[in-house]
Amino acid sequence: MADLGETPLTLRDPRTGAVVGEMQVTPTADVEGAVARARAAGVVWASKPLEERKGAIRRLADVFLSRAAEIADTLVAEIGKPPGEAWTSEIVTAQELFDAWLEVIDDELADIPVPLNPINYPAKDVVLRLEPVGVVGLIMPWNYPIHLPLRTIVPAVLAGNAVVWKPSEYAARCGALLDSIFKAAFPADLVITLQGGPAQGAALVDGGVDRVVFTGSVAGGRAVAQRAAARLLPTSLELGSKDPAIVLHDANLDRAVNGIVWGAFHNAGQDCASVERVYVDARIYDTFVEKVVAATQALRTGSDVGPLINEAALQKVHGHVTAAVAAGATVRVGGAPTGEGYFYPATVLTGVTDDMAVMREETFGPLLPIASFTSEDEAVARANASPYGLTASVWSKDIRRAEALAARVTTGVSFVNNCCFTGPMGGAAWGGRKESGYGVTGSRFGLEALVQPRTVCVDRSRGAKEMWWYPYGDNLVSMARGLVELTRPGGARLSGARMAVGGLLNRWK
Ligand code: NAD
3 MADLGETPLT LRDPRTGAVV GEMQVTPTAD VEGAVARARA AGVVWASKPL EERKGAIRRL
63 ADVFLSRAAE IADTLVAEIG KPPGEAWTSE IVTAQELFDA WLEVIDDELA DIPVPLNPIN
123 YPAKDVVLRL EPVGVVGLIM PWNYPIHLPL RTIVPAVLAG NAVVWKPSEY AARCGALLDS
183 IFKAAFPADL VITLQGGPAQ GAALVDGGVD RVVFTGSVAG GRAVAQRAAA RLLPTSLELG
243 SKDPAIVLHD ANLDRAVNGI VWGAFHNAGQ DCASVERVYV DARIYDTFVE KVVAATQALR
303 TGSDVGPLIN EAALQKVHGH VTAAVAAGAT VRVGGAPTGE GYFYPATVLT GVTDDMAVMR
363 EETFGPLLPI ASFTSEDEAV ARANASPYGL TASVWSKDIR RAEALAARVT TGVSFVNNCC
423 FTGPMGGAAW GGRKESGYGV TGSRFGLEAL VQPRTVCVDR SRGAKEMWWY PYGDNLVSMA
483 RGLVELTRPG GARLSGARMA VGGLLNRWK
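Count along the sequence shown from 1, then add 2; that gives the number in my numbering.
Written as structure tokens, this is what we have:
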């Protein structure tokens, strides 16, 4: 994507390719001011009791859900999602996200007591207190333009942070809609929306935020991480992938076929965890392919498989298909743009080899290449021969074997007999290994990116001195040695006690 600078965004309908409007971007010169306003709002917000912050998320849920139909319509118009997907993957999941965080946040933010040995540390209380980091800078892609921002903003706000976020330049209308919902639910400036492209994203990283949370392509993530590193800004990156499915010979074949067809083609394959390559046991390969082809032929372009987001995405998908065919692959279904808008039909390829781009690079489109394997070790090795590592799925009736096999694929998420769908869960960690990024969203591990633990030590001792304070001398050493003897396994308890008590008495004499 070219740097948009200050040029207004051109808004298109991906179902037709037609221009439907324009939107002003946030001038990059305004970004620092936006972060400063968010910081001021955040300072007030952080001082509010957790109950009040939870109240704001309940208000957000009310406003969001009361406008659900409008949200779904905007997703259909801007991204081209089939309505069923708009509702299930962005609205129902958001409802679950609000509830999940409201249920656990008291426990997750509670002080964590540090266990202390009362002999070494008498009358002391040490706790870890989780404080907000301040202002979270959030940079978002377009493929789940409603749910993805929420999965960071909800826990960030609960934890007492302010957020300045930027929707994708391809999801500006969804971004504006969310912005109006945030304005209705939150105090002024607590969550500020910037509009624009990479220039605004870069300005946000430079704008004085305390953390950066980025979801998008590997190239975008790398650029953001480099920029953030210059400022020593902690960053978490949720990036692309090339997720494999491994189908074992004892799989429930109909479930594997239906699951993998959905995994490859929902959101028109524009899901970071889409099934982008399949390795099937050679013994069931022909039957599997036949069933996948039949299931794919039954999909309706438009109502089951939406359009790609833009012309570049369409060209990329078709480029992968034509290069694979030129190198010997066979198109079993689909294989050429429909000619309408940015639609590309669900496409199945066989005869693929691991050196083809279609098996190595993220396609991010409705394309399913299927290969076979003859041993499980081979399947794992080929699944791992990738720079990416977001998710992998293994399909088998033998759950234990499948789980063990999935654990050998280097990913952040593994599935047995399912795929893709846990990203939106508030309680599940979502994140990848290798070039799929670092850090996670969701779960207490995602919350970690949004809080700073402060160690708080309160001493209730009445004594004038601690053991380890001045003056030093033989008595201190004798006392310390005695304490070690008292506590180490197999220590000389009696002489230890004598040394410790003797040292102590002499020390304070
Ligand atoms: P992208 O990297 O082009 O853009 C993502 C966001 O980053 C946009 O808001 C964009 O304006 C901004 N941006 C891009 N370059 C930037 C730069 N140099 N500096 C600052 N900001 C910059 O990605 P996209 O096309 O919007 O999204 C698709 C990609 O996102 C796919 O690779 C997909 O796999 C990945 N993705 C990953 C996850 C995940 O959870 N791992 C989820 C959704 C999408």
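Every residue, glycine too, gets a C-beta built ideally from N, C-alpha and C.
Under a Cβ-count criterion, where at least 16 other Cβ atoms within 10 Å of its own Cβ denotes burial, should Tyr472 be classed as buried or exposed? Exposed, because fewer than 16 other Cβ atoms sit within 10 Å of the Cβ of Tyr472.
Do Ser438 and Ser219 come within 8 Å of each other at the CB atom, strictly closer than that value? No. Outside cutoff.
Between the beta-carbon of Thr393 and the beta-carbon of Gln197, is there less than 8 Å? Not a contact, by the Cβ cut-off of 8 Å.
Confirm, please, whether the CB-CB distance from Leu77 to Glu92 is below 8 Å. The Cβ-Cβ distance between Glu92 and Leu77 falls below 8 Å.
Taking the beta strand (DSSP E) that Cys459 falls in, what are its first and last residues? Counting along the chain, the unbroken beta strand (DSSP E) around Cys459 starts and ends at Val453 to Asp461.
Is Phe366 close to the ligand NAD? I mean its beta-carbon at under 7 Å from any heavy atom of the ligand. For the ligand NAD, at least one heavy atom lies less than 7 Å from the Cβ of Phe366.
With distance defined between alpha-carbon atoms, name the residue in Glu8, Ala96 and Ala186 nearest to Gln202. Taking only the C-alpha atoms, the option nearest Gln202 is Glu8.
Comparing alpha-carbon positions, which option in Ala58, Thr298, Asp252 and Gly484 lies nearest Asp400? Asp400 has its Cα closest to that of Asp252, out of Ala58, Thr298, Asp252 and Gly484.
Start-to-end residues for the beta strand (DSSP E) that takes in Trp471: For Trp471, no beta strand (DSSP E) segment is defined, and its DSSP state is neither H nor E.
Give me the residue from Asn508, Val129, Ser68 and Ile141 with the minimum Cα distance to Ser182. Residue Ser68 is the option with its Cα nearest to Ser182.
By DSSP, does Phe415 sit in helix, in strand, or in coil? Looking at the sequence shown, residue 415 is not Phe but Val. Here Val415 sits in strand by DSSP.
Please determine whether the Cβ atom of Pro16 lies at a distance below 7 Å from any heavy atom of the ligand NAD. Checking the Cβ of Pro16 against the ligand NAD gives no.
Under a three-way DSSP split, which group does Pro189 fall into? DSSP places Pro189 in coil when its eight states are reduced to three.
Residue from Asp379, Pro147, Gln26 and Ala161 whose Cα sits closest to the Cα of Arg131: Distance check between Arg131 and each of Asp379, Pro147, Gln26 and Ala161 places Ala161 closest, using alpha-carbon atoms only.
Quick one: complete alpha helix (DSSP H) runs, 4+ long, within the segment 349-394? Complete alpha helix (DSSP H) runs here, min 4: 359-362 and 378-386.
Between Thr413 and Gly434, how many whole angstroms is the CB-CB distance? I'm expecting something under 8 Å. The pair is a contact, with the Cβ atoms about 7 Å apart (cut-off 8 Å).
Cβ contact (3+ pairs, closer than 8 Å) linking the segment 148-161 and the segment 258-278: Touching, no, given that fewer than three Cβ pairs across the two stretches are closer than 8 Å.
Can we count Lys168 as close to the ligand NAD, meaning its CB is less than 7 Å from some heavy atom? True, at least one ligand heavy atom lies under 7 Å from that Cβ.
Supposed contact pair Val137 and Val156 - C-beta distance, whole angstroms, cut 8 Å: No, Val156 and Val137 are not in contact; Cβ-Cβ is about 16 Å, not under 8 Å.
Looking at the structure shown, is Arg224 part of a helix, part of a strand, or coil, going by DSSP? Arg224 falls in the helix class under three-state DSSP.
Can you tell me the Cα-Cα spacing of Ala178 and Phe66, whole angstroms? Ala178 and Phe66 have their C-alpha atoms roughly 13 Å apart.
Distance between Leu478 and Trp510 (C-alpha atoms, nearest Å): Cα to Cα, the separation comes out at about 10 Å.
If you reduce the DSSP assignment to three classes, tell me which class Asp32 lands in. Looking at Asp32 - three-state DSSP - the assignment turns out to be helix.
State the start and end residues of the unbroken alpha helix (DSSP H) segment that holds Glu92. It is not in any alpha helix (DSSP H) - Glu92 carries neither H nor E in the DSSP assignment.
Any chance you could list the alpha helix (DSSP H) runs of at least 4 consecutive residues sitting entirely within the segment 219-299, in chain order? Counting only runs of 4 or more, we get 220-232, 255-267 and 287-299.
Tell me the rounded alpha-carbon separation between Asp461 and Ala38. Whole-angstrom Cα-Cα distance: 37 Å.
With distances taken from CA atoms, which of Asp127, Ala326, Arg175 and Asn119 is nearest Trp144? Comparing C-alpha distances from Trp144 to each of Asp127, Ala326, Arg175 and Asn119 shows the shortest one belongs to Arg175.
Closest to Gly465 by CA distance: which of Ala205, Ala125 and Pro309 is it? The shortest C-alpha to C-alpha distance from Gly465 to any of Ala205, Ala125 and Pro309 is the one to Ala125.
Just grab the DSSP bridge partners of Thr332 for me. For Thr332, which the question treats as bridged, DSSP gives the partners Thr352.
Short of 8 Å in beta carbon distance, which residues of its chain neighbour Val295, apart from the five on each side in sequence? Order them along the chain. Closer than 8 Å at Cβ, skipping near neighbours: Arg334, Val335 and Val350.
Beta-carbon spacing of Glu278, Glu364 below 8 Å: The answer is yes: Cβ separation under 8 Å.
Boundaries of the alpha helix (DSSP H) in which Thr154 is found, first to last residue: Its alpha helix (DSSP H) spans residues His149 to Leu160.
Decide if the segment 341-350 is in contact with the segment 115-123; the criterion is three or more beta carbon pairs, one per stretch, under 8 Å apart. The segment 341-350 vs the segment 115-123: no contact.
Could you check the C-alpha separation between Thr355 and Val323 for me, to the nearest Å? A direct Cα-to-Cα measurement between Thr355 and Val323 gives close to 13 Å.
Within the present structure, is the beta-carbon of Tyr472 separated from the nearest heavy atom of the ligand NAD by less than 7 Å? Here the distance from the Cβ of Tyr472 to the nearest heavy atom of the ligand NAD is not below 7 Å.
Classify Pro455 as buried or exposed, calling it buried when 16 or more other Cβ atoms lie within 10 Å of its own Cβ. Pro455 should be labelled exposed.
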